[in-house]
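Take a look at the structure set out below.
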Amino acid sequence: MFYLGIKYTIRFSRAKMLYEMPYVNKEGTFTLERAGTYGLWLSGKMFTKAPIGEFGFNLVDEKTERTIPLFLSIMRARVNGITHSRMELYTFDAGPGTYRLSVTEDPFVLDAVMKKVGDKVIKGAIDYNQFTIQIYTHTSFVLRFISIWMIALGLIIAVLGGVLPNTLV
């Protein structure tokens, strides 16, 4: 159980990036090969002020010109490296095809509130060149949660299996 929990947790954090666009570009196109649920991530240098709350997204199917609805990622996943980190902001469902992603000036209400709090805590200017917008296949929060509990339960079982029989003898 411990091994499987670690295996799936690592797999979630090492998901393949499908598209990356520098934040300063404000618009780009990408192609999805299969239908699924995908996540829009903000990636940037750690310990720097992020532009969360200053922007929103518009996602359009190039073929049909239909706007794809974006859903706020409530339990925002984060993946931290040594110098960079990324955070899932939104998820969306899409089929195979080409899509146009635009950065808008219409942030989600919760992000705007977070920005006001962040501005009080972190002073200074934002270096927009440090940030990129990325698209990954979305992994459900429930699956990540189960993986973490598998690690914890696996450790507990290992400790109880190794310690308790020795104390009963």
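So that you can map any letter, position 128 of the sequence shown is 128 in this note's numbering, and since no number is skipped, the others follow by simple counting.
Just so you know, even glycine gets a beta-carbon here, dropped at the ideal spot from N, CA and C.
Keep in mind it's a predicted model, so treat the numbers as computed, not measured.
- Counting along the chain, D61 sits inside the beta strand (DSSP E) bounded by residues G56 to D61.
- The DSSP assignment places 97-104 as complete runs of the beta strand (DSSP E) inside the region 88-133, in order along the chain (cut-off: 3 residues).
- For I135, the closest of V24, F2, T29 and M1 by C-alpha to C-alpha distance is T29.
- For M17, the enclosing beta strand (DSSP E) stretches over residues M17 to P22.
- Going by beta carbons, F2 and G154 fall inside the 8 angstroms limit.
- Excluding residues up to 5 positions away in sequence, L59, V60, D61, F92, D93, A94 and Y99 lie with their Cβ nearer than 8 angstroms to the Cβ of I68 in the same chain.
- Sixteen is the threshold: when 16 or more other Cβ atoms of the shown chains lie within 10 Å of the Cβ of P51, as they do, the residue is buried.
- Under the Cβ criterion (8 angstroms, minimum of three pairs), the region 19-29 counts as touching the region 125-134.
- The Cβ atoms of F57 and S85 lie no closer than 8 angstroms to each other.
- Across the set L18, F47 and E27, the C-alpha of L18 shows the shortest separation from the C-alpha of R34.
- In the structure shown, L40 falls within a strand segment according to DSSP collapsed to helix, strand and coil.
- The alpha-carbon of K45 is positioned some 20 angstroms away from that of V117.
- By the beta-carbon neighbour count (other beta carbons within 10 angstroms, threshold 16), G36 is exposed.
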